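Enquirer: Quick one: the structure is below, and I'll ask about it shortly.
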Amino acid sequence: MELYLDSANVVELKQLSLIIPLAGVTTNPSIIAASKIALWDVLPRLQEAVGKEGRLFAQVMGCNAATMIAQGKKLSERIPGIVVKIPVTAEGLVAIKQLNALGILTLGTAVYSPAQGLLAALAGAKYVAPYVNRVDVQGGDGIKTIQELKKLLDLHAPQSKILAASVKTLRQALDCLLAGCESITLPLDIIQQLIGIPSAATAIYEFKHDSNQVPSRLNVIN
Ligand code: E4P
0 MELYLDSANV VELKQLSLII PLAGVTTNPS IIAASKIALW DVLPRLQEAV GKEGRLFAQV
60 MGCNAATMIA QGKKLSERIP GIVVKIPVTA EGLVAIKQLN ALGILTLGTA VYSPAQGLLA
120 ALAGAKYVAP YVNRVDVQGG DGIKTIQELK KLLDLHAPQS KILAASVKTL RQALDCLLAG
180 CESITLPLDI IQQLIGIPSA ATAIYEFKHD SNQVPSRLNV IN
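Following numbering that gives the first Met the number 0 from start to finish, the sequence shown increments by one per residue and tops out at 221.
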């Protein structure tokens, strides 16, 4: 499976990469804006941080196919290997199809329904990103969306992968993985929750406390 950090913070990305095997980093226009660094400055830094094997995702901002295609080409020229995120609208599907024909990797984003995700995959998107929490917030069922999309892709577009996005709780993250998502992007706080189990810290504290109750010569490792 592929685990991504959903962030444009290069420091966070580098620190986290030392601890867990990240597959790369995902961004969107809101995430880039929050970084307060210009797009063409931050993308190369993120690319350098993920390394040759890692993937960087960046999103187009146009609403019509021609603009999305032009921006996708520009992203791909300036950052070779980048995965271009395209919102899955009618115009977006045209852009995915054409960029795919040019050999540019795409991800269909802003996916709120299994059918929408399937269409992105059929158009040639390498990744499809259902928005788990945003579906929940509007009264839907984000995990059910993932489960149904997974079945649809397995049956009809097995070349595409689900990249679960808009994940806001550890439970949502685990349910996405249990549903068989091949990849997932998580914000830093959820990855920190994955790593830092409070009960483990308590257990370690107790081991140290018990160890300190006897002279160190009895239990020191050397
Ligand atoms: C991926 O990069 C998506 O754009 C992102 O996970 C969406 O998450 P949000 O609901 O926090 O905007």
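Just so it is clear, CB atoms sit at the ideal spot from N, CA and C, and this is done for glycine as well.
Bear in mind the structure is a predicted one, so any value in this text is a computation, not a measurement.
Between P79 and R54, what straight-line distance do the alpha-carbon atoms span, to the nearest angstrom?
Expert: Here residue 79 is taken as the residue at index 80 of the sequence shown, counted from 1. Here residue 54 is taken as the residue at index 55 of the sequence shown, counted from 1. The alpha-carbon atoms of P79 and R54 are separated by roughly 10 Å.
Enquirer: Considering only the alpha carbon of each residue, which of P86, K13 and E1 lies closest to P28?
Expert: Stepping through the sequence shown from its first residue, residue 28 is reached at position 29. Nearest of P86, K13 and E1 to P28, Cα basis: P86.
Enquirer: Could you please give me the residues that DSSP links to T184 through a beta bridge?
Expert: Within the sequence shown, numbered from 1, the residue matching residue 184 stands at position 185. Paired residues: Y3.
Enquirer: In the DSSP assignment, find the alpha helix (DSSP H) that holds Q70 and state where it starts and stops.
Expert: For this step, residue 70 is matched to residue 71 along the sequence shown. Per DSSP, Q70 belongs to the alpha helix (DSSP H) from A64 to R77.
Enquirer: Alpha carbon to alpha carbon, how far is L101 from G107?
Expert: Locating residue 101 in the sequence shown gives position 102, where the first residue counts as 1. Locating residue 107 in the sequence shown gives position 108, where the first residue counts as 1. Rounded to the nearest angstrom, the two C-alpha atoms are 16 Å apart.
Enquirer: Where I189 and M67 are concerned, what is the direct C-alpha to C-alpha distance, given to the nearest angstrom?
Expert: Reading the sequence shown from its first residue, position 190 is the one you call residue 189. Reading the sequence shown from its first residue, position 68 is the one you call residue 67. In a straight line, the C-alpha of I189 is about 31 Å away from that of M67.
Enquirer: Output needed for G61: all residues of its chain with C-beta closer than 8 Å, excluding positions within five of it in sequence on either side, in chain order.
Expert: In the sequence shown, counting from the first residue as 1, residue 61 sits at position 62. Correct list, in chain order: M67, A69 and Q70.
Enquirer: Which ranges does the alpha helix (DSSP H) cover as unbroken runs of at least 4 residues, wholly within the region 26-65, from first to last along the chain?
Expert: Whole alpha helix (DSSP H) segments, 4+ residues: 28-34 and 38-49.
Enquirer: Grouping DSSP H, G and I as helix and E and B as strand, with all else coil, what is I142?
Expert: One-based indexing of the sequence shown puts residue 142 at position 143. Correct three-state label for I142: helix.
Enquirer: What do you reckon, are the CB atoms on A200 and L185 nearer than 8 Å?
Expert: If you number the sequence shown from 1, residue 200 lands on position 201. If you number the sequence shown from 1, residue 185 lands on position 186. Not in contact: A200 and L185 (Cβ atoms no closer than 8 Å).
Enquirer: What are the partner residues of T105, as DSSP defines its beta bridges?
Expert: The count along the sequence shown starts at 1 and reaches residue 105 at position 106. Per DSSP, V83.
Enquirer: Figure out for me which residue from A7, L169, Q212 and A89 has the closest Cα to the Cα of Q58.
Expert: For the purposes of this step, residue 58 is taken as residue 59 along the sequence shown, with counting starting at 1. Taking only the C-alpha atoms, the option nearest Q58 is A7.
Enquirer: If I follow the unbroken beta strand (DSSP E) through Q129, where does it start and stop?
Expert: Here residue 129 is taken as the residue at index 130 of the sequence shown, counted from 1. Here residue 129 turns out to be Pro, not Gln, going by the sequence shown. It spans Y126 to P129 - the beta strand (DSSP E) in which P129 sits, taken as one unbroken run.
Enquirer: Looking only at its own chain, which residues have a Cβ that is under 7 Å from the Cβ of E1, when we skip the five neighbours before and after it?
Expert: If you number the sequence shown from 1, residue 1 lands on position 2. A22, E181 and S182, listed in sequence order.
Enquirer: What did DSSP end up calling I19 once you bin it into helix, strand or coil?
Expert: Locating residue 19 in the sequence shown gives position 20, counting from the first residue. Of the three classes helix, strand and coil, the one that applies to I19 here is coil, per DSSP.
Enquirer: Tell me the DSSP bridge mates of K160?
Expert: Taking the first residue of the sequence shown as 1, we reach residue 160 at position 161. Partner(s): Y126.
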